[in-house]
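Q:
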Amino acid sequence: MNYRFNMKNIETKFHEFNSETGLNSDATISGYASLFGTPDQGGDIVQAGAYAASLRSLAKKGRSVKMLWQHDPCQPIGIWEVVQEDKKGLFVKGRILTDVQAGREALALIEAGAIDGLSIGYRTKRAEKTTAGKRLLHELELWEVSLVTFPMLPEARVEGSEIDAQLANDLAQVIADARRELLA
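Right, here's the structure in full:
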């Protein structure tokens with residue numbers, strides 16, 4: 014089976030980074046940890062609004078979704094500063110803490126391209142089976158979003174980082190300047 018349960022019945026789902034890994038110079042990462050309406054490799058399809066009640070409950074209690082390394086609760090590696098649903102899915106943005114050894118290691122592995130996934134840890138609160146054998150996930154209790162080796166939802170994509178956008182703008186300016194010099 015492509016999803017797993019641990020002793021506390023927390024399910025985990027994986028998400029693949031693409032070549033535009035959302036990582037900038039201050040170790041900020043961003044992207045989609047879950048996409049609505051897209052079947053994962055285990056046949057689960059998260060429905061829009063599935064995280065809403067959980068996110069409201071966490072906010073009301075002053076708690077947050079944890080950033081873990083490989084779903085290990087003993088290895089928090091950063092802080093998710095934004096966890097929100099939009100029309101596309103569950104968007105996350107946070108900082109990897111480089112003062113933490115596992116955070117430094119995670120950052121090095123991301124930069125080297127050895128780690129390319131995000132994964133959600135949650136408990137299913139409400140779901141239904143389809144006639145096609147898929148599972149529609151209507152309500153989830155979100156616990157954590159981890160950096161992982163193997164993603165479960167390869168169609169989900171991490172957005173390009175802020176530093177990538179700045180680099181693209183700088184490169185465009187250099188090309189424009191070079192063109193003006195050549196044509197002068």
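Going left to right, the sequence shown walks through residues 14 to 197 as my numbering numbers them. From the three backbone atoms N, C-alpha and C, an ideal C-beta is built for every residue, glycine too.
1. Between which two residues does the alpha helix (DSSP H) containing Arg69 stretch?
2. Please classify Ile92 as buried or exposed, where buried requires at least 16 other C-beta atoms within 10 Å of its C-beta.
3. For Leu150, count neighbouring C-beta atoms within 10 Å of its own C-beta (all shown protein chains included) and say buried if the count is 16 or more, exposed if not.
4. For Glu94, collect the residues of the same chain with a Cβ closer than 8 Å to its Cβ; drop the 5 residues on either side in sequence, then sort them by chain order.
5. Buried or exposed: which applies to Glu124, given that a residue is buried once 16 or more other Cβ atoms fall within 10 Å of its Cβ?
6. Would you mind stating whether Trp156 and Ala119 have Cβ atoms separated by less than 8 Å?
7. Does Gln83 come out as helix, strand or coil in the three-state DSSP assignment?
8. Check this for me: beta carbons of Leu153 and Tyr135, under 8 Å apart or not?
9. With Ala140 as the anchor, note down where its beta strand (DSSP E) starts and where it stops.
10. Would you report the Cα separation of Ser47 and Phe104, rounded to the nearest angstrom?
11. If we call anything under 8 Å between Cβ atoms a contact, is Gly44 one with Leu110?
12. Would you mind stating whether Val78 and Val59 have Cβ atoms separated by less than 8 Å?
A: The relevant details are as follows:
1. Looking up residue 69 in the sequence shown gives position 56. Run containing Arg69: Ala65 to Lys74, per the alpha helix (DSSP H) assignment.
2. Indexing the sequence shown from 1 puts residue 92 at position 79. The residue in question, Ile92, is exposed, as its Cβ has fewer than 16 Cβ neighbours within 10 Å.
3. By one-based count along the sequence shown, residue 150 stands at place 137. The residue is buried, with at least 16 neighbouring Cβ atoms inside 10 Å.
4. Position 81 of the sequence shown, counting from 1, holds the residue named residue 94. Contacts found: Lys106, Gly107 and Arg108.
5. Here residue 124 refers to the residue found at position 111 of the sequence shown. By the 10 Å Cβ count, Glu124 comes out exposed.
6. Here residue 156 refers to the residue found at position 143 when the sequence shown is read from its first residue. Here residue 119 refers to the residue found at position 106 when the sequence shown is read from its first residue. The answer is no: Cβ separation not under 8 Å.
7. Numbered from 1 along the sequence shown, position 70 holds the residue referred to as residue 83. Shown here, Gln83 sits in coil according to DSSP, grouped into three states, outside any helix or strand.
8. As a first step, residue 153 must be located in the sequence shown, where it is residue number 140. As a first step, residue 135 must be located in the sequence shown, where it is residue number 122. For Leu153 and Tyr135, yes; Cβs fall inside 8 Å.
9. Taking the first residue of the sequence shown as position 1, residue 140 is located at position 127. Per DSSP, Ala140 belongs to the beta strand (DSSP E) from Gly130 to Lys142.
10. The sequence position of residue 47 within the sequence shown is 34, counting from 1. The sequence position of residue 104 within the sequence shown is 91, counting from 1. For the pair Ser47 and Phe104, the Cα-to-Cα distance works out to about 7 Å.
11. Walking along the sequence shown from the start, residue 44 turns up at place 31. Walking along the sequence shown from the start, residue 110 turns up at place 97. Result no, Cβ atoms of Gly44 and Leu110 do not sit closer than 8 Å.
12. In the sequence shown, residue 78 corresponds to position 65, counting from 1. In the sequence shown, residue 59 corresponds to position 46, counting from 1. No, Cβ-Cβ distance for Val78 and Val59 is not below 8 Å.
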